[in-house]
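J.: My questions will all concern the structure given below.
In the working numbering, the protein residues as written are 1 to 575.
In structure tokens, the structure reads:
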């Protein structure tokens, strides 16, 4: 164990530990396999002894069965028992051979010889009895006496066989019990040894585990303490392990890592200190630059605003002149349109006067035609009234005819068979009279509707005549108005021609003024654009300077934070 404890690496320690454990388990497994095989051999021997014991018991039962069959034959003299005896005898011989073959000791060999002799005599005794039963020449008295003799001999031989079989049975029982006892002893021995071996393996495994834990625990505890100190910011501690195993190598690597981190933090602290001072200077410079640039931006904003206002005023003036020029062109266009419209109006006035004269003539002709239509409609109304009177007379005649046809039908019905043809004619006449009356009424209704429409049309024609008369008067006045309009349009045309000349002169003056204002506006726009570009660049520069100032503040804060964070670590021993 001491050699194991001083193995150099953890790999060698683990290999040695697991090798010892595996050897223990292999030895224990081999021992158990040996014990199991021995138990199997004992159980096989036990089964063999039990099978011998069972064969002896079966032989005894077969002898008893043969004795019963022989007793039945000797008592009943029935030959049927002979066949049963022969069948059981074959089983008896087989069991006898089996029991005889199991004799392996000297005394058992003697028992076997005596058993074979007794069995042979017993079977011969039965054969003699069976032969005597089968012979018909023997008297009943002799047969009875012989059977009593055979029965007595058979019982003696059966008892002898029982005695020898019991000897075998007793010997086999003792051997079987001895085999059972041996098996139990082997099992107890195996159980005890297995328990002891398991306990010993547990002790050895515990000892190995304890040694492994002890070999790991101290280096791991030192590593844990070193990690906790580093987590607390103390980089001054070193493990200083000299162990050759993996944990020792890990401890030395950890010490080297701590030394590297310590050197890196020292360099970072110096850089952070320098960065802190430089960032403070940079922040002041950027603040001053930002203030100066803000003044520049404000001045450029004022200049840009003035340039923008100048450009806007120029643009406004240019727009006003352009608007004036456009409006002047529109006035010229409107004047041209008015001149054209005045000519067209004069022409339209002439055409209107001519059309009005034609319309006056047409109106007079329309009035004459309306008078003729009114006269014709008066005549048509009188004819309609006369037609209505005629239709009324036709309706009255149809009613009288219908009444006469009804009377004729009644007379024909009274005449009986002789008046049947007359009744048919009367019925047809009555039907025609009814149809004539209906058509006359329908025509009267139509004529009444026509009369109503004619009355309305006559009233409309009368109203149209009155309107035509009024229209003639209006057209006479309108024709005079057209003549006055024609004279006025000639005067308006002269005035419009004069206005067109003045508008052309104003349009020429507006075009020159617009060119000068556009030139001034273009210069103002260029000036405003240049100032705007400078202002935009100044604003972008101001934004960049403000961003740079903010970044300088951030760098200063980060440098201070970095210096503060690094100062938390304990790198060197206090002097």
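In this text, a Cβ means the ideal position worked out from N, Cα and C, and glycines have one as well. The structure displayed is predicted, hence computed values, not measured ones.
Determine the DSSP secondary structure at residue 234, reduced to helix, strand or coil.
T.: Three-state DSSP puts residue 234 in a strand.
J.: Let me confirm a value: residue 14 is counted as buried when at least 16 other C-beta atoms fall within 10 Å, else exposed. Which label applies?
T.: Burial call: exposed.
J.: Pull up the CB-CB distance for residue 60 and residue 126, whole angstroms please, since I reckon it's below 8 Å.
T.: Rounded, the Cβ-Cβ distance is 17 Å, inconsistent with contact.
J.: Under 9 Å between the Cβ atoms of residue 154 and residue 90?
T.: No, the Cβ-Cβ distance between residue 154 and residue 90 is not below 9 Å.
J.: Let's test the definition: count the other Cβ atoms within 10 Å of the Cβ of residue 79 and tell me whether it reaches 16, buried, or not, exposed.
T.: Its Cβ having fewer than 16 others within 10 Å, residue 79 is exposed.
J.: Closer than 7 Å by C-beta to residue 437: which residues in its own chain qualify, once you throw out the five before and the five after it? Chain order, please.
T.: The residues are 395, 398, 399 and 402.
J.: Let me know if residue 575 comes out buried or exposed under the rule of 16 or more other beta-carbons within 10 Å of its beta-carbon.
T.: At residue 575 the pLDDT is 37, less than 50, meaning the model places this residue with poor confidence and gives no usable figure here.
J.: Below 9 Å between beta carbons: does that hold for residue 158 and residue 63?
T.: Yes, these two residues count as a Cβ contact at 9 Å.
J.: For residue 5 and residue 230, I'd like the C-alpha separation in whole angstroms.
T.: Its pLDDT being 44, under 50, residue 5 is placed unreliably in this model, and the value from its coordinates should be taken loosely. About 31 Å.
J.: So residue 201 and residue 24 are supposed to be a Cβ contact under 8 Å. How far apart are they, rounded?
T.: Indeed, because the Cβ distance is near 5 Å, the residues count as touching under 8 Å.
J.: Around the C-beta of residue 83, are 16 or more other C-beta atoms found within 10 angstroms, so that it is buried, or is it exposed?
T.: Exposed: under 16 other Cβ atoms inside 10 Å.
J.: Between the Cα of residue 253 and those of 554, 448, 240 and 428, spot the shortest distance and give me the residue it belongs to.
T.: Comparing Cα positions, the closest option is 240.
J.: Let's see if you can read the secondary structure: which residues bound the alpha helix (DSSP H) around residue 240?
T.: Segment: none, residue 240 is in no alpha helix (DSSP H) and carries neither H nor E.
J.: Which one of 66, 43, 190 and 232 has the shortest CA to CA distance from residue 29?
T.: Ranking the options by Cα distance to residue 29, first place goes to 190.
J.: Over the uninterrupted alpha helix (DSSP H) stretch that includes residue 80, give me the two end residues.
T.: Where residue 80 is concerned, the enclosing alpha helix (DSSP H) stretches over 80–101.
J.: Using a 10 Å radius around the Cβ and a threshold of 16 neighbouring Cβ atoms, would you call residue 133 buried or exposed?
T.: Residue 133 comes out buried.
J.: Could you check where the alpha helix (DSSP H) with residue 121 kicks off and where it finishes?
T.: That run of the alpha helix (DSSP H) goes 106–134.
J.: If you draw a straight line from the alpha carbon of residue 65 to that of residue 182, how long is it in whole angstroms?
T.: Taking the straight line joining both Cα atoms gives about 36 Å.
J.: So, helix, strand or coil for residue 138, using DSSP?
T.: Correct three-state label for residue 138: coil.
J.: Run through DSSP, which three-state label would residue 77 get?
T.: Correct three-state label for residue 77: coil.
J.: Do the CB positions of residue 95 and residue 144 come within less than 9 Å of each other?
T.: No, they are not a contact pair.
J.: Roughly how many angstroms lie between the CA atoms of residue 579 and residue 434, to the nearest whole one?
T.: No answer is possible for residue 579: it lies beyond the span of the chain, which begins at 1 and ends at 575.
J.: By Cβ distance below 8 Å, which residues in the same chain neighbour residue 37 in space, the five residues on each side in sequence not counted?
T.: Around residue 37: no qualifying Cβ.
J.: Would you check if the distance between the CB atom of residue 255 and the CB atom of residue 238 is smaller than 9 Å?
T.: Yes, the pair counts as a contact, with Cβ atoms nearer than the cut-off.
J.: Are the beta-carbon atoms belonging to residue 128 and residue 150 less than 9 Å from one another?
T.: Against a cut-off of 9 Å, the Cβ pair of residue 150 and residue 128 comes out as a contact.
J.: Can you tell me whether residue 140 is buried or exposed, with buried defined as 16 or more other CB within 10 angstroms of its CB?
T.: So residue 140 ends up on the exposed side.
J.: Thinking C-alpha only, which one of 18, 354, 277 and 378 is nearest residue 207?
T.: When each option's Cα is compared against that of residue 207, the closest is 18.
J.: Do residue 130 and residue 45 have their C-beta atoms closer together than 9 Å?
T.: Not closer than 9 Å, so no.
J.: Going by other Cβ atoms of all chains shown within 10 Å of its Cβ, with 16 needed for buried, is residue 210 buried or exposed?
T.: When all chains shown are included, residue 210 counts as exposed.
J.: Could you tell me whether any Cβ in chain B is nearer than 9 Å to the Cβ of residue 550?
T.: Within the model displayed, chain B is absent; a lone protein chain is all it includes.
J.: Does the distance from the CB of residue 176 to the CB of residue 52 come in under 9 Å?
T.: Yes. Within cutoff.
J.: Give me the Cα-Cα distance between residue 389 and residue 358, rounded to the nearest whole angstrom.
T.: Whole-angstrom Cα-Cα distance: 46 Å.
J.: Below 6 Å CB to CB, which residues in the same chain sit around residue 112 once its five sequence neighbours on both sides are set aside?
T.: So the list reads 100 and 103, once near-sequence residues are dropped.
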